[in-house]
Amino acid sequence: MTTPSYTRADFQTDQEVRWCPGCGDYTILASVQQFLAALDRPREEFVFISGIGCSSRFPYYMNTFGMHSIHGRAPAIATGVATTRPDLSVWVVTGDGDALSIGGNHLIHVLRRNVNLKILLFNNQIYGLTKGQYSPTSEVGKTTKSSPFGSIDYPFNPVSLALGAEASFVARTLDMDRNHTQAILKAAYEHQGAAFIEIYQNCNVFNDKAFVQITGKEERVHNRVDLQNGKPIVFDGGSKAVVIREGQATVVESSSVDPNAILVHDETRPDPAIAFALSRLSHGPYGPTPLGIFRNVERPAYDTELNAQVAKAKGQLGEGDLAKLIRSHGTWTVEAESPNGG
Amino acid sequence: MADEIATAEPSSDPTEELEKLVVRFAGDSGDGMQLAGNRFTDASALFGNDLATLPNFPAEIRAPAGTLPGVSSFQVQIADFDILTAGDQPDCLVAMNPAALMTNLKDLRQGGTLIVNSDAFDERNLAKAGYESDPLGDDSLKGYRVIKVPMDDLTKEAVKGTGVKGRNVLRSKNLFALGLMAWLFHRPTEPTIDWIEKKFGKTEEVAAANIAAFQAGYNFGVTTEATKNTFEVKPAALEPGTYTNVNGNTALAWGLIAASRKSGLPLFYGSYPITPASDILHELSLHKNFGVRTFQAEDEIAGVGAAIGAAFAGSLAVTGSSGPGISLKSEGISLAFMLELPMIVINVQRGGPSTGLPTKPEQSDLLFSLYGRHGESPLPVLAIATPSQAFLMAIEAARIATKYMTPVILLSDNYVANGSEPWLLPDLDSIPDIEVEYAKHPNGPDGTFLPYMRNVDTFARPWAVPGTAGLEHRVGGIEKDALSGDVSYDPANHQLMTDIRGWKVANIANDIAPVEVVGGEDAEILVLGWGSTFGSIRAAANRTQLEGHKVATAHLKHLNPLPPNLGDVLRSYDKILIPELNTGQLLKVIRAEFLIDATGLSKVSGETFKISEIMEKILEMIK
Ligand SMILES: Cc1ncc(C[n+]2csc(CCOP(=O)(O)OP(=O)(O)O)c2C)c(N)n1
Ligand code: SF4
Ligand SMILES: [Mg+2]
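Protein chains in written order, with the numbering used here: chain P, 1444 to 1785; chain G, 1087 to 1709.
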């Protein structure tokens, strides 16, 4: 088959996109479509599985195979696709409530197993679809319809959570930075195993400007910490740097430290401890916040291993023989003449 | 050794021929009674007896040794004719300790044979079982043929020199008991010795000790004439052919593999361990060389989720559990129904609700299977009646699921799952193929693909699996346009789609076997059943016939849709009895569907019906 030459339009459907005007989901959709078109891989080999939430409408707008499933269960459903069809590229689209609240269990287990899935978590720090309740990533004290006196729920840091589950690929990006998003998508696509991407996504209706500290014109220079593999971690025009002190990632004035003391980012470190430390630099998008790939290591993928077991069993035992199987517990034969003759 | 016969005189003929025999092995859960029972069964099967078994074990893996809750038992009925149940009352009871005697003696037939391990009857064990005085020393066992055997001592003696030591010595006690039973009931010894060699061959001393104990038990019978008469049950006049002895979980797993072969679809099984369904997962995970992929999920929701994904991607997708786990799957099953994807959901029922009686049979999930989902979501529901029938029922479930693009619920229960019976092996070539075709080409105007354009006969939508060029489409839980599959909130469309999904399942009635009635139309009563009560119902009807009554029986394999002839069948009898291991669930359905005043017989004690219980009810109704 000749590889098709796609444009973004080939990945769009005829469905009217129904997100609120100005929603960050539009930009993410455009980034994903653009990225897939550039891959030149047959469109029918992509499968998008989502849960429930505004973000989870995503598959309806992708001209690929897709399933808009049930709340929180997309990672489990996608596991069934990925393990039975290693020929496909399987993507999960989920929200902060979908992935971290109702579906938290499935998320940590696909990461632990390292199922070959690309997981896009649209984190808007709010329940969008149900009209604005606090979510497991909302900050303490947030007033919402269901927390009129301020939320008392301590939030998850999704990157820390994924690293805690020993995900082999963990990254964070931003809805409005399409180039950054596409670079991360590419690395995730090339990764063998589960790739977890937290995407900060603005919900301009229920949680506008949640990420202003790292997106605002003024603020972003000071707070956006871009992780680049093999490079010392510096930001704010080079004036600030990250070092590890007493096992913790800490921000210092670059001029105050020996340049050799500045942490050099290595996403391939086998041990996740330093990646975890980096994820703790800020607990949310409030101060200096790392964006980019925290971890990218090789680990056997669940589906690859399962299919290898199947292939090995066939190699060792030969293709299964049903007639033999049903006789495998021992048989006896009753002859046509009654053995009960006497 | 003592041979105390309190009631019957010993017969002068040392070998008594019996038509049938019910034996129960009872002991502490650590005594290996399931193993002894299974070996006795297999030796009988290979000898050609018909048989049916009933294991009974505590929910706790290791209840304290010697206590009443720790008692585990295994009952088998063997016969020289075609039998249907594991029997109501044992003719012979092996009691390995006082607790086993305390809990099981009430079931032993008067005049029956009681074999006890007298070494276990010390003060401590007697107290744990609640005996104030030693029943072996007073006359409380009057009325039974008691054979007291110091099994601990004799086992120790037997295994000397084999190399096993310490606590392992007494592990072979069950094989001593089995050896004695082999002598008493003229079972062949070779199959058991072969089996021990195969099973324990890796650790030579264990194999040697077990064989020694087994032979010592047998020889003990021979040399001491433990009892003056032995018993023999001749081979049954079963239909000619090749047989194996199979339990329901195994037959179900093999049936799924057969369905995979017959449909050409790879088999996927997503499940989370739960009693009594786990053995299906265990069995399937052995057979990867059949292309079987098993997935032990993080919970039942993920089990059904992964099955939905596998179905979407083109596998024969199956998920299995028991009551509590099925509850968790409910939302996923509704999604599969809405997506119109083929999937088999196995529910090996146990006593409920909640953890209930996890190791006991019950049929209390029928209404849950029929109605336990949100929204209008009727599903085909099938029920397995006997262990070996599970094989063909798995194939039937796969046929319906793939032909009609729908999830199917397949009900089993603990009695079917763990009970075993001889299975006349089918001619595999005579089982029809399951014809499945994935969609390959666009079916709409201008090369478009309409994922909800249906087959005019079955109402099934096309199965278009990822990877097929030109068929890219989206499915989802939101209501779909009746053709394009696009999201639709149109009121008329939802009405139409709800109706179509309902018709699709109702229409399956035209594609299933009519219910068969055994016993003529002139019978005084029809006994209607479903699931694992098959054997008790049929046997009760047979016995009532022998007493000169006319009794008909019918057993439902399809609970939804019901067989199309069922209404006519029911209306042709004045009296209808529906025995169920629940509080009257099929009864409710039959009354609602047919406005027929059937009578229920309910039992929810964690035990299956005794033949006599059903028989009494029949007699009461036709009096
Ligand atoms: C079982 C179940 N419980 C609750 C809901 C209602 N519900 C739909 S989306 C949602 C939260 C969505 O939040 P999030 O995952 O953050 O997605 P967003 O809308 O913000 O993109 C909830 C509670 C549901 N659809 N299903
Ligand atoms: S509610 Fe928020 S997240 Fe949902 S579509 Fe509107 S802006 Fe986007
Ligand atoms: Mg959200």
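Yeah, the Cβ is synthetic: ideal placement off N, Cα and C, and Gly gets one too.
Asked                                                                                                                                : Found
Thr1669 (chain G) to Phe1354 (chain G) span [Cα, whole Å]                                                                            : 35 Å
Inter-residue spacing [alpha-carbon to alpha-carbon] between Asp1066 (chain G) and Glu1283 (chain G)                                 : What is shown of chain G runs 1087 to 1709, which leaves residue 1066 (chain G) out entirely.
Contact under 7 Å by Cβ, Ala1129 (chain G) with Ala1172 (chain G)                                                                    : no
Near ligand 1: Ser1495 (chain P) beta-carbon under 6 Å from a heavy atom                                                             : Note on identity: in this sequence residue 1495 (chain P) is Ile, with Ser being the wrong assignment. Correct: Ile1495 (chain P) has its Cβ closer than 6 Å to ligand 1.
His1398 (chain P) beta carbon near ligand 1 (any heavy atom closer than 6 Å)                                                         : In the structure as shown, chain P begins at 1444 and stops at 1785. Residue 1398 (chain P) is therefore absent and cannot be evaluated.
Euclidean distance between Cα positions of Gly1533 (chain G) and Gly1395 (chain G)                                                   : 26 Å
Neighbour list for Leu1421 (chain G) in chain P, Cβ cutoff strictly below 7 Å                                                        : Ser1512, Ile1513
CB contact check: Asn1783 (chain P) to chain G, cutoff 7 Å                                                                           : Any reading at Asn1783 (chain P) is ruled out, since the residue's pLDDT is 45, under 50, leaving its predicted position unreliable.
Per-residue contacts from Trp1340 (chain G) into chain P (C-beta, under 7 Å)                                                         : Leu1768, Ile1769
Chain-ordered chain G contacts of Leu1760 (chain P) [CB-CB under 7 Å]                                                                : Asn1375
For Val1157 (chain G), three-class secondary structure by DSSP                                                                       : strand
Inter-stretch contact at 8 Å, needing at least 3 Cβ pairs: the stretch 1579 to 1588 of chain P / the stretch 1527 to 1545 of chain P : yes
Chain-ordered chain G contacts of Phe1478 (chain P) [CB-CB under 8 Å]                                                                : Within 8 Å Cβ-Cβ: nothing; Phe1478 (chain P) doesn't reach chain G, min ~17 Å.
Min CB distance Ser1688 (chain G) to chain P below 7 Å                                                                               : no
Per DSSP, the bridge partner or partners of Arg1560 (chain G)                                                                        : P:Gly1509
Interface flag, Asp1099 (chain G) vs chain P, CB-CB below 7 Å                                                                        : Any reading at Asp1099 (chain G) needs caution, since the residue's pLDDT is 45, under 50, leaving its predicted position unreliable; the model's value is listed next. Answer no: the Cβ-Cβ gap between Asp1099 (chain G) and chain P never drops below 7 Å.
Selection from G:Gly1556, G:Glu1103, G:Ala1397 that minimises the alpha carbon distance to Thr1316 (chain G)                         : G:Glu1103
Where Val1561 (chain G) meets chain P, residues with beta-carbon distance less than 7 Å                                              : Met1510
Per-residue burial, Ser1699 (chain P) [other beta carbons within 10 Å of its own, 16 or more giving buried]                          : exposed
Status (buried if at least 16 other CB within 10 Å, exposed otherwise) for Glu1666 (chain G)                                         : buried
First and last residue of the uninterrupted alpha helix (DSSP H) at His1772 (chain P)                                                : Careful: His1772 (chain P) lies outside any alpha helix (DSSP H) and carries neither H nor E.
Nearest to Phe1612 (chain P) (by Cα), restricted to the options P:Arg1712, P:Lys1683, P:Ile1513, P:Ala1684                           : P:Arg1712
Complete runs of the alpha helix (DSSP H) confined to the stretch 1356 to 1434 of chain G [at least 4 residues]                      : 1364 to 1371, 1386 to 1398, 1409 to 1425
C-alpha gap between Ile1520 (chain G) and Ala1766 (chain P), whole angstroms                                                         : 18 Å
Where Ala1088 (chain G) falls, given that 16 or more other Cβ within 10 Å makes a residue buried                                     : Reliability fails at Ala1088 (chain G), whose pLDDT of 37 lies under 50, so the model's placement of it is uncertain and the value that follows must be treated cautiously. When all chains shown are included, Ala1088 (chain G) counts as exposed.
Assigned secondary structure, Gly1538 (chain P) (DSSP; H/G/I helix, E/B strand, else coil)                                           : strand
Spatially closest choice to Leu1132 (chain G) from G:Pro1473, G:Gln1161, G:Ala1165, by CA coordinates                                : G:Ala1165
Environment of Arg1231 (chain G) [buried if 16+ CB atoms lie within 10 Å]                                                            : buried
The stretch 1463 to 1477 of chain G / the stretch 1686 to 1694 of chain G touching (three or more Cβ pairs under 8 Å)                : no
Inter-stretch contact at 8 Å, needing at least 3 Cβ pairs: the stretch 1650 to 1663 of chain G / the stretch 1209 to 1219 of chain G : no
Contacts of Thr1580 (chain P) in chain G (Cβ-Cβ under 9 Å)                                                                           : By Cβ distance, chain G contributes nothing, its closest Cβ being about 22 Å from Thr1580 (chain P), past 9 Å.
Near-chain P residues of the stretch 1389 to 1400 of chain G (beta-carbon distance less than 9 Å), N- to C-terminal order            : Gly1389, Val1390, Gly1391, Ala1392, Ala1393, Ile1394, Gly1395, Ala1396, Ala1397, Phe1398, Ala1399, Gly1400
DSSP state of Glu1146 (chain G) mapped onto helix, strand, coil                                                                      : coil
Stretch pair the stretch 1471 to 1478 of chain G + the stretch 1319 to 1339 of chain G: three plus CB contacts closer than 8 Å       : yes
Straight-line Cα distance separating Gly1636 (chain P) from Thr1456 (chain P)                                                        : 28 Å
For His1368 (chain G), the nearest candidate out of G:Thr1380, G:Val1162, G:Asn1375 (CA to CA)                                       : G:Thr1380
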